[in-house]
Amino acid sequence: MMIRILSNKGILNIVTFVIRIKFMMTFEQIKVSLPDKWLDYYQINRCWIKPLMDSRNLWKPIPNNGGKRPCADIILGAITALEPELAYWIPPFCEIEPNQDKFVKVLGLDFDPETELNNREEERAKNPQFNSSDTDEIERIRQQLSKGEL
């Protein structure tokens, strides 16, 4: 029976590999929920986001569908508040790639929120189970959030 003893470098490589795998798994898990969280945030806050983007001409065009989205600063600011773990990852990503629009793409948030909200409404109309008391409760919570009651 042969026993192999790992050097410090070998152990460090294994630990680094495990950390990378854990990081990517966590990142991918968070990334899946971001579009819905961003859409919910946008829906609640569109009353100020739209005029701000209009007045400063900060809308970014979406080349593949002709739509537009808010600038990356608004999106990244919102999602770091909605998903605090991203606050740890954004600074190193911004050092690697200073173009924030690319980071928005990587996060799966490069879409027109107005179009997606319309698609969401159409989907709910097609699937009545989404029009149940659950969505009423969600809407009630959204209203409380927008009024600062929660």
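Sequential numbering from 881 applies to the sequence shown in our numbering.
Built from N, CA and C at the ideal position, the CB exists for glycine as well.
Q.
Below 8 angstroms on the Cβ atoms is my contact criterion, and I expect K917 with L962 to pass it. Report the Cβ-Cβ distance as a whole number of Å.
A. Locating residue 917 in the sequence shown gives position 37, where the first residue counts as 1. Locating residue 962 in the sequence shown gives position 82, where the first residue counts as 1. Sure, about 5 angstroms apart at Cβ, within 8 angstroms.
(Q) Taking the beta carbon of C927 as the centre, do at least 16 other beta carbons fall within 10 Å, making it buried, or is it exposed? (A) For the purposes of this step, residue 927 is identified with residue 47 of the sequence shown, where counting begins at 1. Per the 10 Å Cβ criterion, exposed.
Q: Count the other CB atoms, across all protein chains shown, that sit within 10 Å of the CB of R949; report buried if there are 16 or more and exposed otherwise.
A: Position 69 of the sequence shown holds residue 949. When all chains shown are included, R949 counts as buried.
Q: Could you tell me how far apart the beta carbons of E975 and F983 are, in whole angstroms, since I believe they sit closer than 8 angstroms?
A: Along the sequence shown, read from residue 1 onward, the residue named residue 975 stands at position 95. Along the sequence shown, read from residue 1 onward, the residue named residue 983 stands at position 103. Contact doesn't hold; Cβ gap of about 11 angstroms is too wide.
Q: Have a look at D981, P972, Q1023, E1029 and flag the residue whose alpha-carbon is nearest the alpha-carbon of P943.
A: Taking the first residue of the sequence shown as 1, we reach residue 943 at position 63. Of all alpha-carbon atoms in D981, P972, Q1023, E1029, the one lying nearest the alpha-carbon of P943 is that of D981.
Q.
Relative to the C-alpha of E994, which candidate in S935, S913, N945 has its C-alpha closest?
A. As a working note, residue 994 is residue 114 in the sequence shown. Checked all of S935, S913, N945; the closest Cα to E994 is N945.
Q | One or two residues paired with P941 in a DSSP bridge | A | Against the sequence shown, residue 941 aligns to sequence position 61. DSSP lists K948 as partners of P941.
**Q.** F991, enclosing alpha helix (DSSP H) - first and last residue
**A.** Against the sequence shown, residue 991 aligns to sequence position 111. From DSSP, F991 is part of no alpha helix (DSSP H); its letter is neither H nor E.
Q.
Using only CA atoms, which one of Y922, C951, D992 lies nearest to N937?
A. Counted from its first residue, the sequence shown places residue 937 at position 57. N937 has its Cα closest to that of C951, out of Y922, C951, D992.
Q: Measure the alpha-carbon distance for E1002 versus E996 and round it to whole angstroms.
A: As a working note, residue 1002 is residue 122 in the sequence shown. As a working note, residue 996 is residue 116 in the sequence shown. Their Cα atoms are separated by approximately 10 angstroms.
Q: My understanding is that C955 touches L989, with C-beta atoms under 8 angstroms, so please give their C-beta distance in whole angstroms.
A: One-based indexing of the sequence shown puts residue 955 at position 75. One-based indexing of the sequence shown puts residue 989 at position 109. A small fix is needed here, since residue 955 is Ile in this sequence, not Cys. Indeed they touch by this definition, with Cβ atoms about 5 angstroms apart.
Q | Backbone CA spacing between P971 and K985 [nearest angstrom] | A | Residue mapping note: residue 971 aligns to position 91 of the sequence shown, counting from 1. Residue mapping note: residue 985 aligns to position 105 of the sequence shown, counting from 1. Spanning the two alpha carbons is a distance of roughly 16 angstroms.
Q) CA-CA distance, S935 and P941? A) For the purposes of this step, residue 935 is identified with residue 55 of the sequence shown, where counting begins at 1. For the purposes of this step, residue 941 is identified with residue 61 of the sequence shown, where counting begins at 1. In a straight line, the C-alpha of S935 is about 16 angstroms away from that of P941.
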